[in-house]
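First comes the structure, then the notes that go with it.
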Amino acid sequence: MKRKNKTPTLSTEQRELTRMAQRARRLAKEARTKAQLATVAWKNARDAVGEAKRAAKRARKAAEDAETSFKRAMVTRKKKRKKDKKK
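Residues in the sequence shown are numbered consecutively from 2, following my numbering.
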């Protein structure tokens, strides 16, 4: 008794169609992967921009505080000088 062939015999056209379908699936998978990576990169860039904005805001506030502190110190120094001159 002849053994049954488990793999179906395909025509040349069917083989070609199968190859095209596999290639299309592979390209689709690659496109999905690239889209996901692009999305992640976009989110990371957005987070980095937000962090840079917050850092700039902190730097401005620190500069403002330093200026205020300096002005306050100068006023105190002037007051001490006047006090010392009166003596």
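Note that CB positions come from ideal geometry on N, CA and C, so glycine has one too.
Rounding to the nearest angstrom, what Cα-Cα distance links Ala57 and Arg47 in this structure? 15 Å
Could you have a look at Thr34 and say whether DSSP puts it in helix, strand or coil? helix
Could you tell me the alpha carbon to alpha carbon distance between Asn45 and Lys62, rounded to whole angstroms? 26 Å
If you reduce the DSSP assignment to three classes, tell me which class Arg26 lands in. helix
Asn45 - DSSP class collapsed to helix/strand/coil: helix
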